[in-house]
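A.B. asks: Yeah, the sequence shown ends on 251 if you go by the working numbering, and it's all consecutive. For every residue, glycine included, the Cβ atom is placed at its ideal position computed from N, Cα and C. Fair warning: this is a prediction, and the values are worked out from it, not measured in the lab. My questions all concern the structure below.
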Amino acid sequence: DSESRVVPSRRLLAKLVHGSGFMMADRIIVCAAKLVEEVRKVLSFPAISVASVIERKVRVVRHSIDLTPFRDMSAKFASELRSGPLKIGTLSRLDEPMKGIGVLLDAIKKIQSEGLTVSLRIAGDGYSRAFLERRAKELQLADCRFFGYVNDLAAYLCSLDVFVLPSFSEGMPLVNLEAMACGIPVITTDVGGTAEVVHHGINGLVVSPRSVNELVAAIRLFATNETMRTACAENARRIAVAEFGSERMVC
Numbered sequence: 001d002s003e004s005r006v007v008p009s010r011r012l013l014a015k016l017v018h019g020s021g022f023m024m025a026d027r028i029i030v031c032a033a034k035l036v037e038e039v040r041k042v043l044s045f046p047a048i049s050v051a052s053v054i055e056r057k058v059r060v061v062r063h064s065i066d067l068t069p070f071r072d073m074s075a076k077f078a079s080e081l082r083s084g085p086l087k088i089g090t091l092s093r094l095d096e097p098m099k100g101i102g103v104l105l106d107a108i109k110k111i112q113s114e115g116l117t118v119s120l121r122i123a124g125d126g127y128s129r130a131f132l133e134r135r136a137k138e139l140q141l142a143d144c145r146f147f148g149y150v151n152d153l154a155a156y157l158c159s160l161d162v163f164v165l166p167s168f169s170e171g172m173p174l175v176n177l178e179a180m181a182c183g184i185p186v187i188t189t190d191v192g193g194t195a196e197v198v199h200h201g202i203n204g205l206v207v208s209p210r211s212v213n214e215l216v217a218a219i220r221l222f223a224t225n226e227t228m229r230t231a232c233a234e235n236a237r238r239i240a241v242a243e244f245g246s247e248r249m250v251c
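The following block contains the structure:
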């Protein structure tokens with residue numbers, strides 16, 4: 001009972017702190033249009049004209065990435081790296097449950113149980129790594145590898161056939177843009193501003209967070225429909241270059 005009282009109190013304190021900071025700021029920058037609603041929630045106090053603050057202060061400035069490392073990754077090199085079974089991969093801080101890697105493990109188990117030949121690559125580190133490695137062994141996943149921290153991000157991403165970000169919470173994750181820049185179709189959860197980057201059926205697939213079944217369906221679709229996977233890969237690269245290159249940013 002005491003804990004149930006403490007958590008709302010902490011949330012209220014956090015709201016007051018953030019709200020005060022927003023009111024003192026000249027500008028409030030968010031990286032996705034959907035995140036404007038989060039600012040609105042923080043500012044929802046009786047004495048504040050939220051609409052006025054939003055109009056005067058909030059600006060959406062989307063993330064961008066340096067395309068150079070991904071541009072330098074030749075098509076031949078990427079093709080060689082992608083030989084063999086379909087490679088499903090993710091790159092994330094291993095921080096469960098919020099990063100959703102456990103959901104991805106369960107989804108891969110179901111996919112492999114259907115007889116589809118896919119491998120799983122997990123890059124990144126964090127306090128949940130040992131737990132996730134144990135979970136992968138319990139599920140008896142075939143060809144599941146944990147890479148830890150990777151030095152060459154472009155080489156890792158370009159070695160994949162499909163990139164998956166199954167997070168429960170995000171803003172506008174750069175790693176989705178980086179995978180797209182490699183020409184990799186993305187499966188991502190509909191959280192934060194992810195759906196403003198990954199357009200369902202165009203350059204990837206968008207699923208509900210925490211849904212193993214939706215993630216299984218998305219992976220199955222890419223695993224069994226090479227035409228769609230190739231089209232999404234081409235669109236991913238095109239959109240990354242056209243809309244999210246750092247040279248497009250104006251300072």
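Compare the beta carbon distance of G89 and R121 with 7 Å and say whether it is the shorter of the two.
C.D. replies: Cβ distance < 7 Å, so G89 and R121 count as in contact.
A.B. asks: Any idea what DSSP makes of L165, helix, strand or coil?
C.D. replies: Looking at L165 - three-state DSSP - the assignment turns out to be strand.
A.B. asks: Does the contact criterion of 3 or more C-beta pairs under 8 Å hold for the segment 105-117 versus the segment 212-227?
C.D. replies: Yes, the segment 105-117 touches the segment 212-227.
A.B. asks: Determine, using beta-carbon pairs with one atom in the segment 235-244 and one in the segment 174-182, whether at least three such pairs fall under 8 Å.
C.D. replies: Judged by Cβ distances under 8 Å, the segment 235-244 makes contact with the segment 174-182, as three or more pairs qualify.
A.B. asks: Cα separation between R134 and L104?
C.D. replies: Distance between the alpha carbons of R134 and L104 is about 14 Å.
A.B. asks: Within 10 angstroms of the Cβ of V61, are there 16 or more other Cβ atoms? Answer buried if so, exposed if not.
C.D. replies: V61 comes out exposed.
A.B. asks: Measure from the alpha carbon of F168 to the alpha carbon of each residue in I202, K57, S208 and D152, then state which is nearest.
C.D. replies: Checked all of I202, K57, S208 and D152; the closest Cα to F168 is S208.
A.B. asks: Tell me which same chain residues have a C-beta within less than 7 Å of the C-beta of F146, skipping the five on either side of it?
C.D. replies: If we look at F146 and ignore the five residues flanking it on each side, its Cβ neighbours are I122, R129 and E133.
A.B. asks: State the DSSP-derived secondary structure class of A25, mapped to helix, strand or coil.
C.D. replies: Reduced to three states, the DSSP call for A25 is coil.
A.B. asks: I believe E170 touches V150 by the beta-carbon criterion, under 8 Å. Please report the beta-carbon distance rounded to the nearest angstrom.
C.D. replies: No, E170 and V150 are not in contact; Cβ-Cβ is about 20 Å, not under 8 Å.
A.B. asks: What is the rounded straight-line gap between the Cα of A218 and the Cα of G102?
C.D. replies: Taking the straight line joining both Cα atoms gives about 16 Å.
A.B. asks: Give the single residue among I54, P173, A33 and A32 whose Cα lies nearest to the Cα of V42.
C.D. replies: Measuring from the Cα of V42, the nearest candidate turns out to be I54.
A.B. asks: Which residues bound the alpha helix (DSSP H) around L153?
C.D. replies: L153 to C158 is the span of the alpha helix (DSSP H), which, as asked, contains L153.
A.B. asks: Assuming V197 contacts F163 (C-beta within less than 8 Å), just tell me the rounded distance between them.
C.D. replies: Not quite, the Cβ-Cβ distance comes to about 12 Å (not below 8 Å), so this is no contact.
A.B. asks: Exposed or buried, which one is K99 when buried takes at least 16 other CB atoms within 10 Å?
C.D. replies: K99 is buried by the Cβ-count criterion.
A.B. asks: Could I get the ranges of all uninterrupted alpha helix (DSSP H) runs contained in the segment 194-249, with 4 residues as the minimum, in chain order?
C.D. replies: List check, alpha helix (DSSP H) in window: 212-224 and 226-244.
A.B. asks: If you draw a straight line from the C-alpha of V216 to the C-alpha of G201, how long is it?
C.D. replies: So the alpha carbons of these two residues sit roughly 16 Å apart.
A.B. asks: Can you list, in chain order, the residues of its chain whose CB lies under 8 Å from that of K57, leaving out five sequence neighbours each side?
C.D. replies: Only F22, A25, D26, R27 and I28 meet the Cβ criterion.
A.B. asks: With a threshold of 6 Å on Cβ separation, who are the neighbours of F77 within its own chain once the five nearest residues in sequence on each side are excluded?
C.D. replies: Confidence is the limiting factor: at F77 the pLDDT is only 48, short of 50, which leaves the residue's position unreliable, though a coordinate-based value still follows. Around F77: no qualifying Cβ.
A.B. asks: Is the Cβ-Cβ distance between L165 and N176 less than 7 Å?
C.D. replies: A contact, by the Cβ cut-off of 7 Å.
A.B. asks: Should V92 go down as buried or exposed, given a rule of 16 or more other Cβ atoms within 10 Å for buried?
C.D. replies: A small fix is needed here, since residue 92 is Ser in this sequence, not Val. With 16 or more other Cβ atoms within 10 Å, it is buried.
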